Amino acid sequence: MAETTNGGATSPESVFALRCQELKKSFQGVMAVTGATFDVPQGMITALIGPNGAGKTTVVNILSGMMKSDSGHMQIGSTDVTNWESFKIARLGLMRTFQLSRELGGLTVLENLLVAPQHQSGESLLNIFFRPVLVKREERENTERALEILNTYGLYDLRDTRARELSGGQKKLLEIARGVMASPKILLLDEPMAGVNPALIDRIGGYILDLKAQGMTILMVEHNLNVVEKICDHVIVLAEGRTLATGRLSELRANQDVVQAYLGEVINASPTR
Amino acid sequence: MSAMWYYVFTLVFFLFDYFILAMGLNIQYGETGILNFAYIGFVAVGAYVTGATSLPNAAGTGQQYILGWGLPFPLNLLLGGLAACLLAVFVALIALRRLRTDYLAVVLISVSLVLYDVINNYVPLFNGADGLYNVPEPFASVLKLTTNSFVPFFAALTGVVALLMWWVMSRITKSPLGRTLRAIRDDDGVAATLGKGVFRYQLTSMLIGSFYAGVGGGLIIQFGGSFNPTAWLPAETFVVFAVILVGGVGNNVGLLVGALLVETLLIHLPAFLPDIPGHPGLIEYIDTIVVGVLLMVMLWFRPQGVVPERVRRSPFSLATRSSKTLDDRAIIVPTNDGESTPVIQQETANG
């Protein structure tokens with residue numbers, strides 16, 4: 001298990017799925033990320049927390065290839081993926097969800113999942129016309145699996161509904177289900193609990209634990225410290241664009257820098273569950 | 274054949290031809306979200322190359338043009354389609370990779386204008402403003418077709434080509450490739466995070482659509498025997514857009530309906546109507562205004578078109594609904610001190 005450290009990586013002996021070193025990013029002179037350095041331990045649920053404007057979403061955008069960093073390095077396993085394009089990062093097994101749900105609105109719920117598998121033979125023009133049996137068989141297998149996932153996530157009855165017609169909470173579930181359909185090694189969840197009702201928060205928490213049990217590595221941006229405390233093994237605190245500390249939440253509560261920068265205000269502001 | 278039937282078969286030809294053109298633009302815009310405002314340029318390239326490859330060597334024809342290979346149908350038509358694809362590769366490399374949709378649209382309008390100016394003014398290419406003429410009519414000498422019998426024959430031939438191209442397009446749009454294109458249309462950023470190489474798919478879409486544009490253009494020059502820059506003013510692109518927006522974006526049946534309503538009934542039928550007394554030629558000029566108004570009305574009141582994009586329903590259901598849904602069981606969350614505490618309450622399925 002990782003140790004509590006200030007501004008650095010987790011313990012050197014931990015096996016990491018994802019590592020970033022000194023990531024920096026500015027927007028027209030405004031520094032959004034000033035030196036994010038952390039490891040995401042393999043097979044664990046890691047929370048990325050910090051006050052608003054700490055650079056959490058920017059870091060997630062960089063990690064998923066949707067933004068390029070100005071400097072620094074990023075590694076998935078042993079592969080340096082610094083500033084790779086997002087589709088290449090995804091093909092290495094890193095998927096993400098979004099803070100504001102970005103469902104593929106014109107596609108049905110089922111189609112949203114069917115887009116996700118990598119290297120589908122039916123995505124090639126030649127295969128469509130010259131290997132139709134292979135395409136059909138693969139499509140059937142993918143459809144069966146997608147329906148199973150939708151069933152698990154309680155979206156089965158909505159499978160033929162256009163995704164844009166779903167409620168906010170259903171869209172959150174759909175994004176996670178879509179990520180799962182891609183069979184990722186690492187799943188980045190950007191505030192999966194934001195704007196959803198308490199019952200659904202519990203359900204989403206359960207799904208995330210289930211993914212961990214399947215061996216998936218999860219990095220989630222989260223403000224709900226109850227959730228973080230209950231399901232996360234490891235916590236990374238970002239403040240003013242840099243890594244302030246890493247470790248277990250219970251340990252971080254004793255860290256004065258963390259309390260001053262974030263935990264103090266959150267603990268004071270949030271009701272106890 | 275009476276004059277009326279001549280007109281009818283002319284309308285039928287344009288119905289099928291614009292169905293082909295609409296399918297090409299639809300896969301680019303309706304399926305992939307590429308606002309190709311240069312579409313008519315691809316049609317023109319297909320027309321010119323089809324014409325120039327079927328015409329004999331330019332020497333002695335009184336025209337100036339490149340190629341002049343005297344190729345028969347459908348080889349010339351295929352080359353017309355491929356020439357449009359070549360243009361698509363060029364445009365994609367300079368514009369598609371780096372530009373957002375709106376900027377791409379502006380660049381493509383510029384491409385259309387540049388293309389128009391070059392072909393219109395550089396005479397050695399395709400005979401400049403006079404365009405190509407005396408293009409051989411396919412099968413006319415073999416089947417001993419007269420001018421009158423050629424029109425219904427070629428309308429039927431175009432119908433067969435359209436049917437074949439509709440079958441091909443249906444296979445594509447119903448395939449996983451079609452689904453991925455629609456994912457890119459809806460949100461290319463999300464598609465990329467799902468491992469889809471967006472540029473590769475956009476290029477594929479551009480190539481398919483451009484081939485359709487080139488073939489559609491090739492059929493036009495072979496039907497009329499001539500083609501010049503007045504036939505493909507850059508604004509003509511918006512007529513094809515009107516066809517797909519009125520008929521229904523993302524629906525092949527809708528495209529046929531759009532081709533019937535816009536191209537056949539509004540653009541070409543009025544040309545065959547008798548003149549309004551005292552205003553000769555007025556009807557022909559009114560048609561574009563009518564198309565513009567129709568387009569606005571459709572976008573306001575029925576943006577999905579006459580025949581909207583269909584919901585693609587799941588092909589089958591699960592044989593048995595798994596009882597192992599997470600909703601149906603309590604989840605025991607281990608706390609940090611190693612004890613287990615049930616923190617998530619049992620819920621019924623589907624909340």
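Just so you know, the sequences run in chain order D and Z. Just so we're aligned, residue 1 is where the first sequence starts under this note's numbering, counting upward by one. Just so we're aligned, residue 274 is where the second sequence starts under this note's numbering, counting upward by one. The C-beta atom is built at its ideal place from N, Cα and C for all residues, glycine as well. Computed from a predicted model, the values in this text were never measured in an experiment.
Item	Value
What residues in the segment 568–586 of chain Z have a beta carbon less than 8 Å from any beta carbon of chain D?	E582, V584, R585, R586
Report the CB separation of Z/H541 from Z/F287 in whole angstroms; it is logged as a contact under 8 Å.	5 Å
Return the Cβ separation of Z/A515 and Z/V316 in integer angstroms, given the expectation that the two are a contact with Cβ distance under 8 Å.	That pair is no contact at about 15 Å.
Secondary structure at D/R102, three-state DSSP: helix, strand or coil?	coil
Would you say D/Q118 faces chain Z, with C-beta separation under 8 Å as the test?	yes
Can you confirm whether D/D190, when its beta carbon is compared against all beta carbons of chain Z, has any partner nearer than 8 Å?	no
Using a Cβ-Cβ cut-off of less than 8 Å, give me the residues of the segment 450–470 of chain Z that come near chain D, in sequence order.	L450, R452, T453, R455, A456, R458, D459, D460, G462, V463, A464, A465, T466, L467, G468, K469, G470
Tell me the DSSP secondary structure of Z/F412 in three-state form.	coil
Under 8 Å between beta-carbons, which chain D residues line up against Z/I445? List them in chain order, please.	L125, I128
Can you pull the chain Z neighbours of D/D160, defined as C-beta to C-beta under 9 Å?	V584, R585, R586, S587
Is any beta-carbon of chain D found at less than 8 Å from that of Z/T305?	no
Let me confirm a value: D/Q256 is counted as buried when at least 16 other C-beta atoms fall within 10 Å, else exposed. Which label applies?	exposed
Compare the C-alpha of Z/A592 against each of D/R91, D/E148, D/S121, D/E139 and name the closest.	D/E148
Identify every run of the beta strand (DSSP E) within the segment 37–104 of chain D, keeping only runs that are complete inside it and at least 3 residues long; order them along the chain.	45–49, 71–76, 94–96
Taking all protein chains shown into account, do 16 or more other C-beta atoms lie within 10 angstroms of the C-beta of Z/P449, making it buried, or fewer, making it exposed?	buried
Ignore the nearest five residues each way along the sequence and tell me which others in Z/I494's own chain have a CB closer than 6 Å to its CB.	A320, T323, G324, V408, F500
Spell out whether any CB of chain D is found under 8 Å from the CB atom of Z/L599.	Residue placement at Z/L599 cannot be trusted, given a pLDDT of 46 that sits under 50; what the coordinates show is reported in the next sentence. It does; some Cβ of chain D falls within 8 Å.
Output, in chain order, the set of chain Z residues within a Cβ distance shorter than 9 Å of D/A90.	A465, T466, L467, G468, K469
Along the beta strand (DSSP E) that carries Z/C358, what are the first and last residues, could you check?	Not the beta strand (DSSP E): Z/C358 falls in the alpha helix (DSSP H), residues 348–364.
Counting only Cβ pairs nearer than 8 Å, list the residues of chain D close to Z/T477.	L125
Can you tell me the Cα-Cα spacing of Z/S443 and D/N224, whole angstroms?	48 Å
Return the chain-ordered list of same chain residues with a C-beta closer than 8 Å to the C-beta of D/I128, the five sequence neighbours on each side being excluded.	G122, V135
Within the 8 Å Cβ cut-off, does D/N224 reach chain Z?	no
Decide yes or no for the touch test of the segment 464–483 of chain Z against the segment 354–371 of chain Z: beta carbon pairs closer than 8 Å, at least 3 of them.	yes
Quick one: grab the DSSP three-state call for D/R19.	strand
Could you pull the start and end residues of the alpha helix (DSSP H) that Z/R458 belongs to?	449–459
Between Z/L591 and chain D, is any beta-carbon pair separated by less than 8 Å?	yes
Any idea if D/Q170 is buried or exposed, counting beta-carbon neighbours within 10 angstroms, 16 or more meaning buried?	buried
Closest Cβ-Cβ distance between D/G168 and chain Z: below 8 Å?	no
What is the rounded straight-line gap between the Cα of Z/I392 and the Cα of Z/S385?	11 Å
At least one CB of chain Z closer than 8 Å to the CB of D/M292: is that the case?	Because chain D here runs from 1 to 273, residue 292 of chain D falls outside it and cannot be looked at.
Need the endpoints of the beta strand (DSSP E) that D/I236 sits in, please.	234–239
Against chain Z, does D/F16 count as a neighbour if the rule is that its beta carbon must be under 8 Å from one of theirs?	no
Would you list, in chain order, the members of the segment 408–428 of chain Z that have their beta-carbon closer than 7 Å to a beta-carbon of chain D?	none
Are the segment 222–241 of chain D and the segment 46–53 of chain D in contact at 8 Å, needing three or more beta carbon pairs?	yes
Around the C-beta of D/P117, are 16 or more other C-beta atoms found within 10 angstroms, so that it is buried, or is it exposed?	buried
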